[in-house]
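For the first sequence, position 240 matches number 240 in UniProt numbering, and the numbering has no gaps at all. Beta carbons: idealized from backbone N, C-alpha and C, even for Gly.
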Amino acid sequence: MRLWGLHKIARHHHQSLLASLFVNSRPQKIPALCNFHRNFCNVSYSPELPYWFRFAEGEQSRDFDSEDFLLPTQLESFDVRPPDNRRVREHMTFVQIEPSKFIDDAIDQISDVLKVRFSSPEEVVLSLSNYSPKVSKYFVDRILKRFSDDWISALGFFWWAGAQMGYNHSPDSYDMMVDILGKSRQFDTMWCLVEEMNQLGGLISLSTMTKVIRRLAKAARWKDAIRAFSDMEQFGMKKDTVVMNILLDSLCKERSVMRARDAFLDLRREIPPNSTSFNMLIHGWCKARKLKEAWQTLEEMKEFSFKPCVITYTSLIEAYCMDRDFRKVEDVLNEMRAQGCPPNVITYTIVMHSFGKANDTRAAFSVLEQMKSDGCLPDTSVYNSLIYILARAGQLREAFGVYDDMNEKGISPNVTTFNTLIAAACCHSQAENALKFLVKMDESSCTPDLKTYSPLLKLSCWRKWTRVLLYLVGHMFRRDVGLDLGTYTLLVHGLCRVGKLKLACIFYEEMVLKGFIPKSQLSVMLLEILDRKNMDAAKSRVQKLILKAQNMRQQTH
DNA sequence: TGAAGTTTAA
1 MRLWGLHKIA RHHHQSLLAS LFVNSRPQKI PALCNFHRNF CNVSYSPELP
51 YWFRFAEGEQ SRDFDSEDFL LPTQLESFDV RPPDNRRVRE HMTFVQIEPS
101 KFIDDAIDQI SDVLKVRFSS PEEVVLSLSN YSPKVSKYFV DRILKRFSDD
151 WISALGFFWW AGAQMGYNHS PDSYDMMVDI LGKSRQFDTM WCLVEEMNQL
201 GGLISLSTMT KVIRRLAKAA RWKDAIRAFS DMEQFGMKKD TVVMNILLDS
251 LCKERSVMRA RDAFLDLRRE IPPNSTSFNM LIHGWCKARK LKEAWQTLEE
301 MKEFSFKPCV ITYTSLIEAY CMDRDFRKVE DVLNEMRAQG CPPNVITYTI
351 VMHSFGKAND TRAAFSVLEQ MKSDGCLPDT SVYNSLIYIL ARAGQLREAF
401 GVYDDMNEKG ISPNVTTFNT LIAAACCHSQ AENALKFLVK MDESSCTPDL
451 KTYSPLLKLS CWRKWTRVLL YLVGHMFRRD VGLDLGTYTL LVHGLCRVGK
501 LKLACIFYEE MVLKGFIPKS QLSVMLLEIL DRKNMDAAKS RVQKLILKAQ
551 NMRQQTH
């Protein structure tokens, strides 16, 4: 039996967008794919509809052998280049060669090397020793971003690149590397790198320490986070209010207001707090739904002779909104006005949005009116919220209309705008519209993220549009959007449900190899189905992966 | 990501 996803593939034989999905399949072996290629070139281009989608739609009922596919993350060449889609769509069949293509090719070449699972960064350096592309900051940052959840490859590459003639890492790239190590909880290695930055001199900045502190707090290493702050002076940095606030904020955001408060009580004797310090704490209490403590902190704030501001009150309002306590919301709004501190766009957005969430569309709109009559100019977030509220109320057409409105009024959409639109369309099974927005997004300056794709992926699973699904995964890879645990889970689960077991296994395998630990429910489900279908080879392979995942779990705890 | 808001939950 052939191993999943391990076929060698030829480089560059197809230049077309969709054809890249099939790079791995050998046309002479699979007639359907030959037809595909021929059909593809003759498909008439309709500007409204992504052409690849039309094709995929016609194919929805046909199954194919997923053994003939590689995950796009394993493909050598996958021609969906981010900034250049307009030209691709005009010409449809061929991507023109750009000067930047050479850099992109070099990036791909190095990526191919890095995709192998190495057991140490040293091994990575060794494997890269035969390569000598021209290294630049752009180059390094692209690779680091792409491998941001694979610290071994990232670090090995980082060392290798730093050793190239005529190239020195920028402080920025160092910070990225520090962040990657922190994200994968390689704290010893992270500290070594920070030490190196210190020795080289002048590389450690506030942003470095911010990353260190936030990552430690996120990993529940609160004491270490506080220690990192206390030891900052040995890196030649001042412990001032700004940094203390970063510490407080990190602790608050990681669901540990109590610790933030303790640290605050401890530190405020040596470092004078400012109103930001108090606002952060109040926000922390609000997020933890400890309204009493929030109000207490507000009193303390006054004792320190800081006046509560819009931000202070807005945090409290948000907390009451989460409780759907709209009477209290009104009280705080009135208090704000009485204090000469009127609500702003953000305050109103929060209130409007939570009325929308509570399915009270009318109330939401009356907040919008109030906001306008108070002279607040609606911004992108307000429009985004409106789109969400309308879509939630089933008024999809109106929601899409808001998008047109924005463009007319010169308010630029952002990632969230597109994500909301795409999610709304998917939610109402309007795949075509969802994909249209994805294309529009490519034309705009917004870079998609995971949230852009997850509703689309979910829908493609549902509809059994395997090709669309694979296309999307390739699209993600090209834009350096990595799959996370949730997305892998969604894919494996969805694919199992519609009976695409081999493909589900491929994703499952990649998930484990990337170091994600699947929830046991997922593994059990996959095994059960494989068992029922008598897919013994697949089953034993999955069992091995489960063992591997269990070992990983033990290592991290 | 990071002083407050907009995307995601049966």
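Query: For the pair the stretch 435–449 and the stretch 411–426, tell me if three or more CB-CB distances fall below 8 Å.; Result: yes
Query: Relative to the C-alpha of Q370, which residue among C505, T349, I389 is closest?; Result: T349
Query: Among the candidates S250, T208, Y403, whose CA atom is the shortest distance from the CA of K223?; Result: S250
Query: Counting only runs of 4+ residues fully inside the stretch 492–536, write out the alpha helix (DSSP H) ranges in chain order.; Result: 501–513, 520–532
Query: Would you say L547 and K539 are within 7 Å of each other, going by their C-beta atoms?; Result: no
Query: Give the straight-line distance between the Cα atoms of H475 and R185, rounded to the nearest whole angstrom.; Result: 28 Å
Query: Nearest by alpha-carbon distance to I152: which of I422, L491, M190, W285 is it?; Result: M190
Query: For the UniProt repeat "PPR" (379–413), list the alpha helix (DSSP H) runs that are entirely contained and at least 4 residues long, ordered along the chain.; Result: 380–392, 396–409
Query: List the endpoints of the continuous alpha helix (DSSP H) containing A434.; Result: 431–443
Query: Alpha carbon to alpha carbon, what distance is there between Q199 and T241?; Result: 26 Å
Query: Please classify A537: is it buried, with 16 or more other beta-carbons within 10 angstroms of its beta-carbon, or exposed?; Result: exposed
Query: Suppose the cutoff is 7 Å on Cβ atoms and the five residues either side in sequence are ignored; what does the same chain contact list for T314 look like?; Result: I346, T347, I350
Query: Taking only the alpha-carbon atoms, compute the straight-line gap between E510 and Q554 and give it to the nearest angstrom.; Result: 20 Å
Query: Closest to V492 by C-alpha separation, out of C505, V481, D484, would be which residue?; Result: C505
Query: Between which two residues does the alpha helix (DSSP H) carrying N245 extend?; Result: 241–253
Query: Mind checking F278: buried by the 16 CB within 10 Å criterion, or exposed?; Result: buried
Query: Check the C-beta distance from L503 over to S454 and give it rounded, since I have them as a contact under 8 Å.; Result: Not quite, the Cβ-Cβ distance comes to about 17 Å (not below 8 Å), so this is no contact.
Query: Are there 16 or more other CB atoms within 10 angstroms of the CB of F157, so buried, or fewer, so exposed?; Result: buried
Query: Out of curiosity, what's the CA-to-CA distance linking C376 and E300?; Result: 30 Å
Query: Beta-carbon within less than 7 Å of G515's beta-carbon, same chain only, minus the 5 sequence neighbours each way: which residues are those?; Result: M552
Query: Could you spell out the range, first to last residue, of the alpha helix (DSSP H) harbouring H428?; Result: H428 -> no alpha helix (DSSP H), and no H or E assigned at all.
Query: Determine the burial state of F173: buried for a count of at least 16 other Cβ atoms within 10 Å of its Cβ, exposed for fewer.; Result: Residue identity differs from the one stated: residue 173 is Ser in this sequence, not Phe. So S173 counts as buried.
Query: Between the Cα of A225 and those of L495, L247, Q234, spot the shortest distance and give me the residue it belongs to.; Result: L247
Query: Which first and last residues belong to the alpha helix (DSSP H) in which F326 is found?; Result: 326–338
Query: For M441, which option in K183, I107, P342, N419 has the closest C-alpha, if you only look at C-alpha atoms?; Result: N419
Query: Exposed or buried, which one is Q550 when buried takes at least 16 other CB atoms within 10 Å?; Result: exposed
Query: What did DSSP end up calling N344 once you bin it into helix, strand or coil?; Result: coil
Query: With DSSP collapsed to three states, give me the class of D179.; Result: helix
Query: Give the C-beta separation of L281 and A260 to the nearest angstrom, bearing in mind that I take them to be a contact with Cβ-Cβ under 8 Å.; Result: 6 Å
Query: Which of the three DSSP states is assigned to C321 in this structure?; Result: helix
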